[in-house]
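Be aware that the sequence shown starts at 1207, since it is given in the numbering used here, and climbs by one per residue.
Written out below as structure tokens is the structure these notes cover.
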Amino acid sequence: MYLARMNCKDVEAYLKTSDTVLIPVGSLENHGLHMPLGTDIMIPNKIAELLNIKSGILIAPSVNYGATDALSGFPGTVSIGTEVLIALLRAVCDQLFRYGFRHFLILNGHGGNTAAIQEVGMHLYRKGAYLANLNWWLMAGEINKEWAGGHGGGEETAAIMAIDPALIKTEYIEKGEEIRNDLGDALPYGAWTNIKYKGVSVAVPREIKDITGNGWLVHSFKDDVPSRANAEWGEAMLEATADYIADFAAVFAKTPLPQREK
Ligand SMILES: [Zn+2]
């Protein structure tokens, strides 16, 4: 059930049966040359589409921009930053709260959005509502360990293959990540924006374009190489994740709200 397709009477009728709403949140960002910029929004929207078939949950329009400062500088990546994402999500959720929504599900496609979503979750909690953050790629990796992965790896590649295989440019998969030790060989590159010194990881926030020529950091996820991805994996994973979320949402919707003084 899509909020954008309803009128205000439909919403009033829905609220008599449920105060739960799901908002897909993504990011427009570089994922390496083999994947499209919209990977992190296409996947949550596809899972939402499957949920729409599997459950009666209300799906609000997606937020297609996220906090992805680390990937800024690769043409096409657009980051609105954590502060703007907090303000945007809080404004959307506050409006929905006004009408009676109290159980919020964020279907998130991008790790960099997590800090903003947590903040808005606490804001809603203080108002007497709950927010559940559904990081699809982490959930899929827990549903089936074989599926676990991260930015630009097999997990995301498989998901996009299931959505539209023409969007995956396989000729770039063999080219690798073009990683360099941008802080010098004494502080070699580790994972994401970490360096590794004496075997221990230390985070040094900076732009990923300093580290890799193509924005693809799959080695951090061990065996999660895109060359092993296929559409069957993607289909099974998106279906299973949607099934899980449908089950979770049904239980979450019944959670008694945090009590607040009147
Ligand atoms: Zn992604």
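We treat Cβ as the ideally placed atom computed from N, Cα and C, and that holds for glycine.
This one's a predicted model, so the numbers in the text were calculated from it and none came from an experiment.
Return the Cβ separation of residue i and residue j in integer angstroms, given the expectation that the two are a contact with Cβ distance under 8 Å.
{"i": "S1285", "j": "A1459", "result": "That pair is no contact at about 33 Å."}
{"i": "T1274", "j": "E1235", "result": "4 Å"}
{"i": "P1228", "j": "I1265", "result": "The sequence given here has Leu at residue 1228, not Pro. L1228 to I1265, Cβ: 5 Å. Contact."}
{"i": "M1207", "j": "N1251", "result": "Not quite, the Cβ-Cβ distance comes to about 15 Å (not below 8 Å), so this is no contact."}
{"i": "G1272", "j": "D1246", "result": "7 Å"}
{"i": "G1282", "j": "L1330", "result": "No, G1282 and L1330 are not in contact; Cβ-Cβ is about 32 Å, not under 8 Å."}
{"i": "I1312", "j": "L1337", "result": "6 Å"}
{"i": "K1260", "j": "A1456", "result": "With 8 Å as the limit, K1260 and A1456 do not qualify as a contact, their Cβ atoms being about 10 Å apart."}
{"i": "G1382", "j": "P1432", "result": "The Cβ separation is near 11 Å, so there is no contact."}
{"i": "D1430", "j": "A1354", "result": "7 Å"}
Nearest CA to the CA of residue i: which residue from the options?
{"i": "N1420", "options": "S1261, K1351 and G1358", "result": "G1358"}
{"i": "Y1193", "options": "L1243, I1253 and V1217", "result": "With the chain covering only 1207 through 1468, there is no way to say anything about residue 1193."}
{"i": "D1453", "options": "L1337, V1298 and I1263", "result": "I1263"}
{"i": "V1269", "options": "L1277, P1281, A1293 and A1276", "result": "A1293"}
{"i": "P1230", "options": "A1364, L1340 and A1437", "result": "L1340"}
{"i": "G1528", "options": "T1320, V1431 and L1337", "result": "No statement about residue 1528 is possible, as the shown extent of the chain runs from 1207 to 1468 and does not include it."}
{"i": "I1369", "options": "M1248, M1241 and Y1220", "result": "M1248"}
{"i": "C1299", "options": "G1334, W1439 and G1317", "result": "G1334"}
{"i": "H1316", "options": "G1356, D1429 and M1212", "result": "G1356"}
{"i": "I1379", "options": "A1435, V1408, G1318 and L1256", "result": "A1435"}
{"i": "L1463", "options": "Q1301, R1332 and N1213", "result": "R1332"}
{"i": "T1376", "options": "R1466, M1241 and T1461", "result": "M1241"}
How far does the beta strand (DSSP E) with residue i in it reach, from first residue to last?
{"i": "K1470", "result": "Given that the chain is displayed from residue 1207 to residue 1468, the structure contains no residue 1470 and the question cannot be resolved."}
{"i": "F1310", "result": "H1309 to N1314"}
{"i": "L1228", "result": "T1226 to V1231"}
{"i": "N1341", "result": "Y1336 to N1341"}
{"i": "V1408", "result": "V1406 to A1409"}
Is there at least one non-hydrogen atom of ligand 1 closer than 8 Å to the beta-carbon of residue i?
{"i": "S1164", "result": "It is not possible to answer for residue 1164, since the shown part of the chain is limited to 1207 through 1468."}
{"i": "L1246", "result": "Here residue 1246 turns out to be Asp, not Leu, going by the sequence shown. Checking every heavy atom of ligand 1 against the Cβ of D1246, one is found closer than 8 Å."}
{"i": "E1383", "result": "no"}
{"i": "G1390", "result": "no"}
{"i": "E1362", "result": "yes"}
{"i": "S1285", "result": "no"}
{"i": "L1421", "result": "Sequence inspection shows Gly at residue 1421; the Leu mentioned does not correspond to that position. Flag unset: Cβ of G1421 not near ligand 1."}
{"i": "G1440", "result": "no"}
What residue does the alpha helix (DSSP H) around residue i start on, and which one ends it?
{"i": "T1363", "result": "G1360 to I1369"}
{"i": "V1431", "result": "No alpha helix (DSSP H) contains V1431, which DSSP labels as neither H nor E."}
{"i": "A1437", "result": "A1437 to F1458"}
{"i": "A1354", "result": "A1354 -> no alpha helix (DSSP H), and no H or E assigned at all."}
{"i": "K1215", "result": "C1214 to T1223"}
{"i": "I1385", "result": "That residue, I1385, is in no alpha helix (DSSP H); it is neither H nor E in DSSP."}
{"i": "N1236", "result": "Per DSSP, N1236 belongs to no alpha helix (DSSP H) and is neither H nor E."}
{"i": "Q1465", "result": "Note, Q1465: premise wrong, no alpha helix (DSSP H); not H, not E."}
{"i": "L1257", "result": "T1245 to K1260"}
{"i": "G1327", "result": "T1320 to K1333"}
Problem set entry | Three CB pairs or more closer than 8 Å across the region 1394-1403 and the region 1340-1354 | no
Exercise. Using 8 Å as the threshold, is the region 1400-1415 in touch with the region 1300-1313, meaning 3 or more CB pairs across them?
Worked result: no
Problem set entry | Meets three-Cβ-pair contact criterion under 8 Å: the region 1434-1449 and the region 1352-1372 | yes
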